[in-house]
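One structure is given here, and the rest of the page talks about it.
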Amino acid sequence: MILVLGATGSIGTPLVRELRRRGEPVRAFVRDPARGRALGVEYAVGDLDDPPSVAAALDGVDRLLLNAGGAVPTEGEQPMIGQQKAAIDAAVSAGVSRVVKISVWGAKPGGRLAEGAHWDIERHLARSGLTWSTLRPSGYMQNFVTGAGAFTADGDLLGAYGDARVSYVDCFDIAASAAALLTGPPRPGATFTLTGPEALTHNEIADQLSAAWGRPVRYIDLPGDEFVARLTAQGVPAGFAADVAALYADVARGSLAATTDDVERLTGRPPRSFAAFLKDTPPPVHATARGRDA
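The sequence shown begins at 1150 in my numbering and counts up by one.
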């Protein structure tokens, strides 16, 4: 039995569907029973902040997909650290044989926000005695359609990346890579960096969004301090906002510009391009906003 944490998210949902297609026994960990039923597989209702519910969900499980949200605007330790460490400990107690962790590209000691949080979790997993593999994806293509990306009220794309290129990856490719690790031969201690097949500037991304959505989309590049001001005006803690700006500056220096062949190594096929992703993805609500030239 495979337990999928984050089963209703951008990675978990296609992973559950892929495991179901393969005929694998799968259990989805969900907070909302209605969303669990919609997945069409066995599900367990719980919350990562409720350790007994995690322990109950792990009953009879031999493989675990460890995946849960991203950095949240809070002071102090990121909640994902305690949540995922507790899930790892529960997996040890449950006799789980294999864990696949969704991490982040750039995870490192002392890293800001998700980079540091995932590194801390990765080290805990490495010391757990479990058989594990780690996936470190680049930025998600889905961010442009789920609301996680930044857009103006007129639907223009916001960022602080300059002309740097980013090798965004489709979450379906992350899910397919996770499925390969959960169902194929174990890759103990292996870490894979997942990217798309190309690295695009955000001006190029805006051009592709314009073509896909049928209206003009501009990319507006902001200075980092202006982004900090926007975030703090929305009530985001100043320290969190400063860390976000520092991560944007890293990307502007090319930290996410490389591409790898790890998706193809794991799945046997190349990763999907951004154009293919847009072709297969319905436009989001903000795509219908009136642009400056509409």
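Glycine is no exception: its CB is placed at the ideal position from the N, C-alpha and C atoms.
Since the model is a prediction, treat every value here as computed from it, not as a measurement.
Ranked by how close their Cα comes to the Cα of G1288, the residues P1337, A1156, V1248, P1346 have P1346 in first place.
Here the C-alpha atom of P1386 lies approximately 34 Å from the C-alpha atom of W1281. For a cut-off of 8 Å, the C-beta gap from A1235 to P1200 is around 5 Å, short enough to register as a contact.
Around the beta carbon of P1431, fewer than 16 other beta carbons sit within 10 angstroms, so the residue counts as exposed. In this structure, DSSP gives R1285 an extended state, which the three-state scheme calls strand.
Under DSSP, A1339 forms a beta bridge with S1282. As for any alpha helix (DSSP H) of minimum length 4 sitting wholly inside the segment 1257-1326, the runs are 1263-1275, 1292-1295, ordered along the chain. Burial check for R1418: the Cβ neighbour count within 10 Å stays below 16, so the residue is exposed. In the three-state DSSP reduction, I1230 falls in the helix class (H, G or I). With a 10 Å radius around the Cβ and a threshold of 16 neighbouring Cβ atoms, D1312 comes out exposed.
Taking a cut-off of 8 Å on C-beta distances, the segment 1314-1328 touches the segment 1342-1357, as three or more cross pairs fall below it.
Contact between the segment 1150-1166 and the segment 1209-1226 is present, with at least three C-beta pairs closer than 8 Å. For the pair of segments examined, the segment 1413-1429 was found to touch the segment 1354-1372: the number of CB pairs separated by less than 8 Å reaches three. Judged by DSSP secondary structure, A1395 falls within the alpha helix (DSSP H) whose first and last residues are 1387-1401.
Annotation: the continuous alpha helix (DSSP H) that includes V1412 extends over 1411-1416. Bounds of any alpha helix (DSSP H) do not take in R1171, whose DSSP letter is neither H nor E. Going by beta carbons, V1190 and V1175 fall inside the 7 Å limit. For I1237, the secondary structure class from DSSP, reduced to helix, strand or coil, is helix. R1414 counts as exposed, since fewer than 16 other C-beta atoms from the protein chains shown sit within 10 angstroms of its C-beta.
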